[in-house]
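In the numbering used here, the protein residues as written are 43 to 464.
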Ligand code: AMP
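Here it is, written out as C-alpha cells:
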C-alpha cells in the first residue's frame with residue numbers, strides 16, 4: 043500500500059516524502075482512514091510502530107481542512123506521559139506540518155514556563171503536552187482548552203502506571219464534550235479499558251501487531267551471573283563485542299548512576315537517564331547517544347519509555363524488571379523497522395522469580411547460558427529482592443511541586459502477570 047491511497051492531502055504527502063517514508067506502517071494503514079472519517083480510535087501500538095505519524099498525519103489533515111480562527115485557539119491536544127515523548131511528538135508535528143499553515147507548541151515541566159507561555163500567546167493550533175504542566179498553565183489562567191476538537195491520549199498505559207489518571211480526568215473536564223478522541227496504548231489492561239470507556243465514543247479498534255510478535259522476532263538471551271560480577275561482565279561484553287550503541291536498563295536511579303560511573307571508569311563513554319536528571323542533562327545524553335559520542339545509555343524503565351532511538355542493536359538488562367510488562371517494553375527497543383536486535387539479560391540468583399514471571403508473560407523460555415568465571419554461586423539464595431526496597435524511576439510528572447518519580451498507582455504490587463496484548 044502507498045500513502046497516496048490513504049486519502050492524505052498533497053501537503054502531507056510532500057512532508058512524508060521529505061521524511062523518506064516509502065509506505066505506511068501497519069498502524070498507519072489501519073488508523074489513518076477511520077481518523078480521517080472523524081471516528082474515535084482506540085489503538086494498540088507501542089513506540090517503534092510509527093504510531094506518532096499514525097495519529098499526527100490525519101489530525102493535521104482534519105485541522106487544515108477547517109477554518110483557521112483568528113486567535114488560533116488550541117484545536118488539537120496531544121497528551122503524553124513524559125517530557126522526552128512530548129519533545130519527540132512535537133518534532134514529528136513540526137515535520138509533518140511543514141507545508142501547512144498550522145502552528146504547534148510543546149509544553150512540559152522541569153523547565154521555565156515563560157517561553158512556553160509566550161509561545162501559547164502567539165496562538166497554537168496543535169499543542170503537545172505532559173499532564174502536570176498543562177494543568178498548571180490552565181490553573182493559572184494562561185491556557186484555555188475550550189476549543190479543542192481533537193484529543194489524543196498517547197501511551198495511555200504508561201499514563202496510568204505513572205499515576206496520571208486523576209490529571210487525565212481533570213483535563214477531560216477542561217475540553218469540550220463534543221470532540222474526536224484517539225487513544226494509544228501498548229497494553230490493554232482492565233484499567234485501560236475502563237479509561238477508554240470513559241473517554242472514547244464508539245471507537246474503532248486497531249491493532250499494530252498480533253499478540254507477542256515483537257517478542258518473538260527479537261533475539262533474546264539470559265546470562266546467569268553472580269550478582270557481584272555483573273559490572274565486570276557487562277564491561278567485558280561491551281568492550282570485547284565492540285558494541286557501539288548499547289541501551290542498558292537498571293531497576294533504580296541509584297543503580298543507573300552507579301553503573302554509569304563504573305562504565306566511565308572502565309573506559310566506556312556512558313550517560314544515565316532517569317527522573318532525577320535535569321531536562322537539559324537528559325536531552326544532552328539522548329542526543330549524544332544518537333550521534334554516537336555516548337556509547338552506552340543507562341536508563342530506568344519510565345525514563346526510557348518512548349525514546350525514539352531507531353535501529354538499536356543491543357539492549358542489556360543489567361537488572362531484569364520486577365514488572366514483567368516492562369521487559370517487553372525494554373526489549374521492544376531493539377527490533378525496530380525490521381532491523382535485527384539482540385536483548386540480553388544478566389540474571390543473578392535473586393532475580394529468579396522475576397525471570398519466571400517474565401517467561402510466563404511472554405509464553406516462552408528464554409535461552410540461558412553461563413560464562414566461565416562469572417557463574418553464580420550454586421548456593422546463592424534465590425530469595426527475591428524485597429519489592430518494597432525497589433523504586434520505579436522515571437520522568438513522570440512534568441513540573442511543579444510534586445515528585446517526578448511517583449510510585450505507580452497501578453504498578454508492581456497490583457499488576458497480575460497474565461498475558462497481555464502487544
Ligand atoms: P513511532 O512509533 O511513532 O515512535 O515511530 C518510530 C520511528 O519510525 C520514527 O523514527 C519514525 O520517524 C519512523 N517512521 C514512522 N512512520 C514510518 C514509515 N511509514 N516508514 C518508515 N519509518 C517510519
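We treat Cβ as the ideally placed atom computed from N, Cα and C, and that holds for glycine. Source: prediction; values computed, not measured.
Does the Cβ-Cβ distance between residue 361 and residue 291 come in under 9 Å?
Counting from one through the chain shown, the residue named residue 361 turns up at place 319. Counting from one through the chain shown, the residue named residue 291 turns up at place 249. Result yes, Cβ atoms of residue 361 and residue 291 sit closer than 9 Å.
My understanding is that residue 187 touches residue 180, with C-beta atoms under 8 Å, so please give their C-beta distance in whole angstroms.
The residue labelled residue 187 in the question sits at position 145 within the chain shown. The residue labelled residue 180 in the question sits at position 138 within the chain shown. Going by Cβ atoms, the distance from residue 187 to residue 180 rounds to 7 Å, so yes, they are a contact pair.
So the alpha helix (DSSP H) residue 291 belongs to, where does it begin and stop?
Residue 291 sits at position 249 when you count from the first residue of the chain shown. Segment 288-291 is the beta strand (DSSP E) holding residue 291; no alpha helix (DSSP H) there.
If we call anything under 9 Å between Cβ atoms a contact, is residue 289 one with residue 357?
Sequence index remark: in the chain shown, residue 289 carries index 247 (1-based). Sequence index remark: in the chain shown, residue 357 carries index 315 (1-based). A contact, by the Cβ cut-off of 9 Å.
Give every residue of the same chain whose Cβ lies closer than 6 Å to the Cβ of residue 255, excluding the five residues on either side of it in the sequence, and list them in chain order.
One-based indexing of the chain shown puts residue 255 at position 213. For residue 255, the predicted model reports a pLDDT of 45, less than 50, meaning its position is unreliable and no value from the coordinates is stated.
Between 229, 182 and 260, which has its C-alpha nearest residue 202's C-alpha?
Counted from its first residue, the chain shown places residue 202 at position 160. Minimum Cα distance to residue 202 is reached at 229.
Identify every residue that forms a DSSP beta bridge with residue 341.
For this step, residue 341 is matched to residue 299 along the chain shown. Its beta-bridge partners are 291 and 315.
Output the boundary residues of the beta strand (DSSP E) element that contains residue 222.
Looking up residue 222 in the chain shown gives position 180. It spans 222-227 - the beta strand (DSSP E) in which residue 222 sits, taken as one unbroken run.
Measuring from the CB of residue 329, is there a heavy atom of the ligand AMP at a distance below 8 Å?
Taking the chain shown and counting its residues from 1, the one referred to as residue 329 is at position 287. No - the ligand AMP has no heavy atom lying nearer than 8 Å to the Cβ of residue 329.
Look at the alpha carbon of residue 272 and the alpha carbon of residue 90, and state the distance between them as a whole number of angstroms.
In the chain shown, residue 272 corresponds to position 230, counting from 1. In the chain shown, residue 90 corresponds to position 48, counting from 1. The alpha-carbon atoms of residue 272 and residue 90 are separated by roughly 29 Å.
In angstroms, rounded to a whole number, what distance separates the CA positions of residue 312 and residue 404?
Position 270 of the chain shown, counted from the first residue, corresponds to residue 312. Position 362 of the chain shown, counted from the first residue, corresponds to residue 404. When rounded, the distance between both Cα atoms is 30 Å.
Going straight from the alpha carbon of residue 112 to that of residue 106, what length do you get?
The residue labelled residue 112 in the question sits at position 70 within the chain shown. The residue labelled residue 106 in the question sits at position 64 within the chain shown. Cα-Cα distance, rounded: 14 Å.
Mind checking whether residue 411 and residue 200 have CB atoms under 9 Å apart?
The residue given as residue 411 occupies position 369 in the chain shown. The residue given as residue 200 occupies position 158 in the chain shown. No, they are not a contact pair.
Given that a residue counts as buried once 16 or more other Cβ atoms are within 10 Å of its Cβ, and exposed if not, what is residue 43?
To locate residue 43, count along the chain shown from 1; it is residue 1. So residue 43 ends up on the exposed side.
Who are the Cβ neighbours of residue 129 in its own chain at under 7 Å, not counting the five residues just before and after it?
Your numbering for residue 129 matches position 87 in the chain shown. Contacts found: 148.
Mind checking whether residue 317 and residue 303 have CB atoms under 9 Å apart?
The residue given as residue 317 occupies position 275 in the chain shown. The residue given as residue 303 occupies position 261 in the chain shown. Contact flag unset, no.
Whose C-beta lies closer than 7 Å to the C-beta of residue 144 among residues of the same chain, with five residues either side of it excluded?
Residue mapping note: residue 144 aligns to position 102 of the chain shown, counting from 1. 102, 105, 106, 167 and 168.
Give the DSSP-derived three-state secondary structure of residue 134 in the structure shown.
By one-based count along the chain shown, residue 134 stands at place 92. Residue 134: helix per DSSP, three-state reduction.
For a test of the three-state rule: what should DSSP assign to residue 97, helix, strand or coil?
For the purposes of this step, residue 97 is taken as the residue at position 55 of the chain shown. Reduced to three states, the DSSP call for residue 97 is helix.
Does at least one heavy atom of the ligand AMP sit under 8 Å from the Cβ of residue 115?
Looking up residue 115 in the chain shown gives position 73. No, the Cβ of residue 115 stays beyond 8 Å of every heavy atom of the ligand AMP.
State yes or no: is the C-beta of residue 61 nearer than 8 Å to some heavy atom of the ligand AMP?
Here residue 61 refers to the residue found at position 19 of the chain shown. Yes; taking the cut-off as 8 Å, the Cβ of residue 61 has a heavy atom of the ligand AMP nearer than that.
So, using beta-carbon positions, are residue 53 and residue 142 closer together than 9 Å?
Here residue 53 is taken as the residue at index 11 of the chain shown, counted from 1. Here residue 142 is taken as the residue at index 100 of the chain shown, counted from 1. Cβ distance < 9 Å, so residue 53 and residue 142 count as in contact.
According to DSSP, simplified to helix, strand and coil, what is residue 284?
As a first step, residue 284 must be located in the chain shown, where it is residue number 242. Looking at residue 284 - three-state DSSP - the assignment turns out to be coil, as it is neither helix nor strand.
Pop quiz: residue 293 and residue 223 are said to be a contact at Cβ under 8 Å. What is the actual Cβ separation, rounded to whole angstroms?
Against the chain shown, residue 293 aligns to sequence position 251. Against the chain shown, residue 223 aligns to sequence position 181. That pair is no contact at about 34 Å.
Report the rounded CA-to-CA distance for residue 133 versus residue 171, giving the unit in angstroms.
Along the chain shown, read from residue 1 onward, the residue named residue 133 stands at position 91. Along the chain shown, read from residue 1 onward, the residue named residue 171 stands at position 129. Between residue 133 and residue 171, the C-alpha separation is close to 13 Å.
Is residue 92 a contact residue of the ligand AMP, with contact defined as CB to any heavy atom under 8 Å?
Working through the chain shown from its first residue, we reach residue 92 at position 50. Residue 92 Cβ: within cutoff of the ligand AMP.
Can you tell me which residues form a DSSP beta bridge with residue 306?
Sequence index remark: in the chain shown, residue 306 carries index 264 (1-based). BP columns for residue 306 are empty, so no partner.
If residue 83 and residue 248 are in contact, beta carbons under 8 Å, what's the gap, nearest whole angstrom?
The count along the chain shown starts at 1 and reaches residue 83 at position 41. The count along the chain shown starts at 1 and reaches residue 248 at position 206. Contact flag correct, Cβ pair sits at about 6 Å.
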